[in-house]
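Okay, so here's the structure we're looking at.
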């Protein structure tokens, strides 16, 4: 198991905000504010107040964890 700070291209896994239901090839957003949301840094499907990530959800690994493809 590797933990990295930055992925600019390739596959990786992310924690998904509780209550979100990603879909294969769906857009990824990063929760941007800990003041607004306790899930700071997690992946989400919600665009509002979050940051678009260039890539897509690929497949669910387990509950709350998805494999994503990131493209620079």
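Residue numbers (the working numbering): 138 to 209.
Think of the CB as a built atom: it goes at the ideal place given N, C-alpha and C, for glycine as much as any other residue.
Here the structure is a predicted model, which means the values were calculated and not measured.
- Quick one: grab the DSSP three-state call for residue 164. For the purposes of this step, residue 164 is taken as residue 27 along the chain shown, with counting starting at 1. Residue 164 falls in the strand class under three-state DSSP.
- Item | Integer-rounded CB distance, given that residue 165 should sit under 8 Å from residue 205 | For the purposes of this step, residue 205 is taken as residue 68 along the chain shown, with counting starting at 1. For the purposes of this step, residue 165 is taken as residue 28 along the chain shown, with counting starting at 1. With 8 Å as the limit, residue 205 and residue 165 qualify as a contact, their Cβ atoms being about 6 Å apart.
- Message: Bridge partners for residue 184 per DSSP, in chain order?
- Response: In the chain shown, counting from the first residue as 1, residue 184 sits at position 47. In DSSP, residue 184 forms no bridge with anything.
- Item | Sequence-distant residues of the same chain with beta carbon closer than 6 Å to residue 157, five excluded per side | By one-based count along the chain shown, residue 157 stands at place 20. Cβ within range, chain order: 181 and 182.
- Looking at the unbroken beta strand (DSSP E) that takes in residue 203, where does it start and where does it end? Residue numbering aside, residue 203 sits at position 66 when the chain shown is read from its first letter. Looking at the DSSP string, the run of the beta strand (DSSP E) that includes residue 203 is 202–207.
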